[in-house]
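Enquirer: Mind having a look at this structure? Questions to follow.
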Amino acid sequence: MRRKVFLLFWSSAIGCFSLLPFLWFVLTSLKTPNEITAIPPKIIPSFYLGFYRSALENYGLLRYVGNSLIVAGATTLFTIAIGALAAYALARFRLSWTRFYLMLLLAVSMFPQIAIAGPVWRILNYLNWLNTYHGVIAAYITLSLPMGIWIMTTFFKELPYEVEEAALVDGCTRLQVLWKVVLPLAAPGLFTAAILIFIHAWNEFFFALLILTNPTLQTLPVGIALFPGEYTMPWGEIAAASTMATLPLVFLTLLFQRRIVRGLSAGAVKG
Amino acid sequence: MAGLEVRGLSKSFGVTPILQEISFDVAEGEFCVLLGPSGCGKTTLLRLVAGLEEPSTAAISIGGKRIDQLPPRERDVAFVFQSYALYPHMNVFENLAFSLRLRGFPKEEIQAKVTEAARLLDLEAHLERKPQELSGGQRQRVAPGRAIVRQPKIFLFDEPLSNLDATLRASMRIELARLHRRLHGTILYVTHDQAEAMTLGEKIMVLDEGRLQQMGAPSAIYHKPANTFVARFVGSPQMNFIEGKLDEKGMIFRAGECQIDLSGVLPGHGTEYSGKELTVGIRPEDFHPTGPDGAWVRGEVEIVEDLGSDKFVHIRSGKVKLVARMATDVRLNRGEILCLAAEPNRLHLFYDGKRVNEGL
Numbered sequence: 465m466r467r468k469v470f471l472l473f474w475s476s477a478i479g480c481f482s483l484l485p486f487l488w489f490v491l492t493s494l495k496t497p498n499e500i501t502a503i504p505p506k507i508i509p510s511f512y513l514g515f516y517r518s519a520l521e522n523y524g525l526l527r528y529v530g531n532s533l534i535v536a537g538a539t540t541l542f543t544i545a546i547g548a549l550a551a552y553a554l555a556r557f558r559l560s561w562t563r564f565y566l567m568l569l570l571a572v573s574m575f576p577q578i579a580i581a582g583p584v585w586r587i588l589n590y591l592n593w594l595n596t597y598h599g600v601i602a603a604y605i606t607l608s609l610p611m612g613i614w615i616m617t618t619f620f621k622e623l624p625y626e627v628e629e630a631a632l633v634d635g636c637t638r639l640q641v642l643w644k645v646v647l648p649l650a651a652p653g654l655f656t657a658a659i660l661i662f663i664h665a666w667n668e669f670f671f672a673l674l675i676l677t678n679p680t681l682q683t684l685p686v687g688i689a690l691f692p693g694e695y696t697m698p699w700g701e702i703a704a705a706s707t708m709a710t711l712p713l714v715f716l717t718l719l720f721q722r723r724i725v726r727g728l729s730a731g732a733v734k735g
Numbered sequence: 007m008a009g010l011e012v013r014g015l016s017k018s019f020g021v022t023p024i025l026q027e028i029s030f031d032v033a034e035g036e037f038c039v040l041l042g043p044s045g046c047g048k049t050t051l052l053r054l055v056a057g058l059e060e061p062s063t064a065a066i067s068i069g070g071k072r073i074d075q076l077p078p079r080e081r082d083v084a085f086v087f088q089s090y091a092l093y094p095h096m097n098v099f100e101n102l103a104f105s106l107r108l109r110g111f112p113k114e115e116i117q118a119k120v121t122e123a124a125r126l127l128d129l130e131a132h133l134e135r136k137p138q139e140l141s142g143g144q145r146q147r148v149a150p151g152r153a154i155v156r157q158p159k160i161f162l163f164d165e166p167l168s169n170l171d172a173t174l175r176a177s178m179r180i181e182l183a184r185l186h187r188r189l190h191g192t193i194l195y196v197t198h199d200q201a202e203a204m205t206l207g208e209k210i211m212v213l214d215e216g217r218l219q220q221m222g223a224p225s226a227i228y229h230k231p232a233n234t235f236v237a238r239f240v241g242s243p244q245m246n247f248i249e250g251k252l253d254e255k256g257m258i259f260r261a262g263e264c265q266i267d268l269s270g271v272l273p274g275h276g277t278e279y280s281g282k283e284l285t286v287g288i289r290p291e292d293f294h295p296t297g298p299d300g301a302w303v304r305g306e307v308e309i310v311e312d313l314g315s316d317k318f319v320h321i322r323s324g325k326v327k328l329v330a331r332m333a334t335d336v337r338l339n340r341g342e343i344l345c346l347a348a349e350p351n352r353l354h355l356f357y358d359g360k361r362v363n364e365g366l
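Chains as they are written, first to last, in our numbering: chain H, 465 to 735; chain R, 7 to 366.
Following this line, the structure appears as structure tokens:
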């Protein structure tokens, strides 16, 4: 019993501590302009929705949402499509370098972003892809492929290989095996990888800031970061926009939390 | 339907040889069983024929056509896996229809073939179910069903009954035999279960340590084992082995208290083996009780196993332990002295592990 109380106390304490910033900007977004600057700060807002309207109407939030959807969606699709092929090969073909290659992928995914920012910018500039959707999507795909391949490889490895062999004898080519047997069976794994990649792309700030300087193409994190004008600091709008940008992710995560945990810990036990 | 021809098949994983120089034929419509202990390479042999492994050297032909360089899908063989390997995301109908759909058969024909196979295997009521909703026995029937609909040139079975409990295994064994009689398919069937091999096989190949030990009809394998491995592996309870020496005249075999007159049993009156170490093999059912005069073996009864239909008596004679099958009405007690003999032509004589007498 004491153990339970202890656990409950500390888990809620840690939860509150982690949620505090989130809670604060959700509350801020619902305050009136006067409440925001009030001293001492007012904790309970009066549920004023003006900042939401302002963020949508004056700051073009929907455009940023649209851009984010396009960029994160396309990144997810392409990463899954390319990653599935690579992951299948890594999971199934007996090649001497697969282990090394998987380690390399893991190492690559840990490079600090700032280290590759310069080269990425120069390449995109050379290709004339700066300030384009495909420019930022290409950068995102390369960033998310290592994680995607790693997760999918682990899921593919867990599938019974005999089922694939049965399909080979039944008349499938390797690609047909992948399409008709492996992908349907690995759907939960693909889905997990997709959610993680989507969240990653949706939240990405640094490369988006670097590549997209044209406000009509900017994604949510960059758009919101650029809300402050030269003489204004629209705290209310920033809080409202941040809330709207975060809510879809919160829902996604709550809805699929089991799968996400499984995806993140994939390979921890077996693989 | 077609015959299978394998010549000089060898396979090694790294430096470890798995199969060495295997050659055999399976005639069209023949039920051929590959029998051997686990790890003897029999599954690898099956996978090589299917194209799921690449041979180190081999010539494999089906119906006279070389197939060893073809991918599995072009070999026209069907493989029934030990784990069944059903497609978990498809229902029974789709599992059965999968290969036909891949080959672009028209819908009506697929429907007809699948229905026919389902009727044959008593699966009609389960066509809409997914594999995980089926019992072990039903799953076991879907697996060969998937092979049957295709009418392949060769059926390859990899221990398809080993996951079933004993009762179900026995009834599925009979069903498989029946199925073969109806379909006349060319079958290569792998098992480590000798009862399965004896009931199903028209021809049995015994494999051990990657080498073919003996090939022949079930009765030949049983009654004329080519070496001590086959003799020991086939038959339950195992054949009795007595290791001893032939006298200088090549007539009398002695091992401790055992004494067996081998005159007339060995070729060339035994002169070739006179004074040499021999192994005598006697099946438990070939022993019969006898008086002290004609006894080959005299031993003390250690255990009597009464199985109802059979009575197995374990006796010890010096260092030699033997099992003999007795009629169920024979009364025996522990500690009793039993004298045994057998018909000379029922003996199996081995020199250096290899059979040396004709036998029955």
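We put the CB at the ideal spot given by N, CA and C, even for glycine.
Please give me, in chain order, every unbroken run of the beta strand (DSSP E) with length at least 3 that falls completely inside the region 99-169 of chain R.
Expert: Listed in chain order, they are 160-164.
Enquirer: Using only the alpha-carbon positions, how far apart do Leu41 (chain R) and Val120 (chain R) sit?
Expert: In the second sequence, counting from the first residue as 1, residue 41 (chain R) sits at position 35. In the second sequence, counting from the first residue as 1, residue 120 (chain R) sits at position 114. Looking at the two C-alpha atoms, the distance is approximately 31 angstroms.
Enquirer: If the cut-off is 9 angstroms on Cβ atoms, which residues from the region 195-218 of chain R count as contacting chain H, listed in chain order?
Expert: Correct list: empty, as no residue qualifies.
Enquirer: Are any of the Cβ atoms in chain H nearer than 7 angstroms to that of Pro78 (chain R)?
Expert: Along the second sequence, read from residue 1 onward, the residue named residue 78 (chain R) stands at position 72. So, interface residue.
Enquirer: Under a CB-based cut-off of 7 angstroms, is Lys734 (chain H) close to chain R?
Expert: Position 270 of the first sequence, counted from the start, is the residue given in the question as residue 734 (chain H). Model confidence at Lys734 (chain H) stands at a pLDDT of 37, short of 50, so the residue's coordinates are unreliable and nothing is read from them.
Enquirer: Given that Tyr93 (chain R) touches chain H, what residues does it touch there, using C-beta distances under 7 angstroms?
Expert: As a position in the second sequence, residue 93 (chain R) is number 87, starting the count at 1. The answer, in chain order, is Val627, Val645.
Enquirer: Short of 8 angstroms in beta carbon distance, which residues of its chain neighbour Gln682 (chain H), apart from the five on each side in sequence? Order them along the chain.
Expert: Locating residue 682 (chain H) in the first sequence gives position 218, where the first residue counts as 1. Same-chain partners within the cutoff: Tyr528, Asn531, Ala672, Leu676, Leu690.
Enquirer: What did DSSP end up calling Arg295 (chain R) once you bin it into helix, strand or coil?
Expert: As a first step, residue 295 (chain R) is located in the second sequence; it is residue number 289 there, counting from the start. Rather than Arg, the amino acid found at residue 295 (chain R) in this sequence is Pro. Of the three classes helix, strand and coil, the one that applies to Pro295 (chain R) here is strand, per DSSP.
Enquirer: Less than 7 angstroms separating the beta-carbons of Glu254 (chain R) and Gly281 (chain R)?
Expert: Against the second sequence, residue 254 (chain R) aligns to sequence position 248. Against the second sequence, residue 281 (chain R) aligns to sequence position 275. Contact: yes.
Enquirer: Less than 7 angstroms between the C-beta atoms of Arg73 (chain R) and Arg81 (chain R), yes or no?
Expert: By 1-based counting over the second sequence, the position of residue 73 (chain R) is 67. By 1-based counting over the second sequence, the position of residue 81 (chain R) is 75. Looking at the sequence provided, one finds Ile at residue 73 (chain R) rather than Arg. Contact flag set, yes.
Enquirer: Give me the residue from R:Phe163, R:Pro43, R:Phe37, R:Ala103 with the minimum Cα distance to Val83 (chain R).
Expert: Reading the second sequence from its first residue, position 77 is the one you call residue 83 (chain R). Among R:Phe163, R:Pro43, R:Phe37, R:Ala103, the Cα nearest to that of Val83 (chain R) belongs to R:Phe163.
Enquirer: Using a Cβ cut-off of 7 angstroms, pull out every chain H residue sitting near Ala223 (chain R), in sequence order please.
Expert: Start at 1 with the first residue of the second sequence, and residue 223 (chain R) comes out as number 217. Near Ala223 (chain R) there are no residues of chain H at all, since even the closest Cβ is about 29 angstroms away, more than 7 angstroms.
Enquirer: Using 7 angstroms as the limit for Cβ to Cβ distance, is Leu632 (chain H) near chain R?
Expert: Sequence index remark: in the first sequence, residue 632 (chain H) carries index 168 (1-based). It does: the Cβ of Leu632 (chain H) has a partner Cβ on chain R nearer than 7 angstroms.
Enquirer: Would you mind telling me which residues of chain H sit closer than 9 angstroms to Ala84 (chain R), beta carbon to beta carbon, in chain order?
Expert: The residue given as residue 84 (chain R) occupies position 78 in the second sequence. By Cβ distance, chain H contributes Val633, Asp634.
Enquirer: Quick one: which chain R residues come within Cβ less than 7 angstroms of Leu416 (chain H)?
Expert: Residue 416 (chain H) cannot be examined here, being either before or after the span of chain H that is shown, 465 to 735.
Enquirer: Return no unless some Cβ of chain H is closer than 7 angstroms to the Cβ of Arg135 (chain R).
Expert: Within the second sequence, residue 135 (chain R) is the residue found at index 129, counting from 1. Taking Cβ atoms only, chain H never reaches closer than 7 angstroms to Arg135 (chain R), which makes this a no.
Enquirer: Taking a contact to mean a Cβ-Cβ separation below 7 angstroms, would you say Thr192 (chain R) touches Ile160 (chain R) in this structure?
Expert: For this step, residue 192 (chain R) is matched to residue 186 along the second sequence. For this step, residue 160 (chain R) is matched to residue 154 along the second sequence. Against a cut-off of 7 angstroms, the Cβ pair of Ile160 (chain R) and Thr192 (chain R) comes out as a contact.
Enquirer: For Arg147 (chain R) versus Leu133 (chain R), is the C-beta distance shorter than 7 angstroms?
Expert: Looking up residue 147 (chain R) in the second sequence gives position 141. Looking up residue 133 (chain R) in the second sequence gives position 127. No. Outside cutoff.
Enquirer: Please compile the residues from chain H whose C-beta is within a distance smaller than 9 angstroms of the C-beta of Ser89 (chain R).
Expert: As a position in the second sequence, residue 89 (chain R) is number 83, starting the count at 1. The answer, in chain order, is Pro624, Glu626, Val627.
Enquirer: Using C-beta distances below 7 angstroms, list every residue in its chain close to Pro509 (chain H), excluding the 5 sequence neighbours before and after it, in chain order.
Expert: Taking the first residue of the first sequence as position 1, residue 509 (chain H) is located at position 45. Around Pro509 (chain H): Leu491, Leu494, Lys495, Glu499.
Enquirer: Closer than 7 angstroms, CB to CB, is Phe163 (chain R) near chain H or not?
Expert: As a first step, residue 163 (chain R) must be located in the second sequence, where it is residue number 157. Answer no: the Cβ-Cβ gap between Phe163 (chain R) and chain H never drops below 7 angstroms.
Enquirer: Rounded to whole angstroms, how far is the Cβ of Leu182 (chain R) from the Cβ of Leu213 (chain R), which I believe are closer than 8 angstroms?
Expert: For the purposes of this step, residue 182 (chain R) is taken as residue 176 along the second sequence, with counting starting at 1. For the purposes of this step, residue 213 (chain R) is taken as residue 207 along the second sequence, with counting starting at 1. 20 angstroms between Cβ atoms; not a contact.
Enquirer: With DSSP collapsed to three states, give me the class of Tyr552 (chain H).
Expert: Indexing the first sequence from 1 puts residue 552 (chain H) at position 88. Three-state result, Tyr552 (chain H): helix.
Enquirer: Roughly how many angstroms separate the alpha carbons of Gly5 (chain R) and Phe104 (chain R), rounded to a whole number?
Expert: The requested residue 5 (chain R) is not part of the displayed model; chain R covers only 7 to 366.
Enquirer: Is Ala519 (chain H) closer than 7 angstroms to Glu701 (chain H) when the C-beta atoms are compared?
Expert: As a first step, residue 701 (chain H) is located in the first sequence; it is residue number 237 there, counting from the start. As a first step, residue 519 (chain H) is located in the first sequence; it is residue number 55 there, counting from the start. Result yes, Cβ atoms of Glu701 (chain H) and Ala519 (chain H) sit closer than 7 angstroms.
Enquirer: Give, in chain order, every residue of the region 102-122 of chain R whose Cβ lies closer than 8 angstroms to some Cβ of chain H.
Expert: So the close ones are Phe104, Ser105, Leu108, Arg109.
Enquirer: Measuring alpha carbon to alpha carbon, tell me which residue in H:Ala631, H:Arg722, H:Ala658, H:Ser706 is nearest Tyr93 (chain R).
Expert: The count along the second sequence starts at 1 and reaches residue 93 (chain R) at position 87. Of H:Ala631, H:Arg722, H:Ala658, H:Ser706, the residue nearest in Cα terms is H:Ala631.
Enquirer: Using only the alpha-carbon positions, how far apart do Leu268 (chain R) and Pro298 (chain R) sit?
Expert: Position 262 of the second sequence holds residue 268 (chain R). Position 292 of the second sequence holds residue 298 (chain R). Going by the C-alpha atoms only, they are around 18 angstroms apart.
Enquirer: Thinking Gly47 (chain R) and Gly222 (chain R) are a contact (beta carbons under 8 angstroms), I'd like their distance in whole angstroms, please.
Expert: Taking the second sequence and counting its residues from 1, the one referred to as residue 47 (chain R) is at position 41. Taking the second sequence and counting its residues from 1, the one referred to as residue 222 (chain R) is at position 216. With a Cβ gap of about 19 angstroms, Gly47 (chain R) and Gly222 (chain R) do not count as contacting.
Enquirer: Kindly indicate the opening and closing residues of the beta strand (DSSP E) around Lys251 (chain R).
Expert: Start at 1 with the first residue of the second sequence, and residue 251 (chain R) comes out as number 245. Its beta strand (DSSP E) spans residues 246-252.
Enquirer: Is the shortest distance between the beta-carbon of Leu189 (chain R) and the beta-carbons of chain H less than 7 angstroms?
Expert: Locating residue 189 (chain R) in the second sequence gives position 183, counting from the first residue. Output row for Leu189 (chain R): interface = no.
Enquirer: Beta carbon of Ala330 (chain R), beta carbon of Phe293 (chain R): below 7 angstroms?
Expert: Residue mapping note: residue 330 (chain R) aligns to position 324 of the second sequence, counting from 1. Residue mapping note: residue 293 (chain R) aligns to position 287 of the second sequence, counting from 1. Yes, these two residues count as a Cβ contact at 7 angstroms.
Enquirer: For Thr63 (chain R), which residues of its own chain have a beta-carbon under 7 angstroms away from its beta-carbon, when the five flanking residues on both sides are left out?
Expert: The residue labelled residue 63 (chain R) in the question sits at position 57 within the second sequence. Closer than 7 angstroms at the Cβ level, and outside the excluded window around Thr63 (chain R), lie Gly14, Ser16.
Enquirer: If you follow the alpha helix (DSSP H) that His229 (chain R) is in, where does it begin and where does it stop?
Expert: Along the second sequence, one-based indexing puts residue 229 (chain R) at 223. Its alpha helix (DSSP H) spans residues 224-229.
Enquirer: Thinking C-beta only, is Val86 (chain R) closer than 7 angstroms to Ala149 (chain R)?
Expert: Translated into positions along the second sequence, residue 149 (chain R) becomes position 143. Translated into positions along the second sequence, residue 86 (chain R) becomes position 80. Yes, the pair counts as a contact, with Cβ atoms nearer than the cut-off.
Enquirer: Is the Cβ of Ala64 (chain R) closer than 7 angstroms to any Cβ of chain H?
Expert: In the second sequence, residue 64 (chain R) corresponds to position 58, counting from 1. By this cut-off, Ala64 (chain R) is not an interface position.
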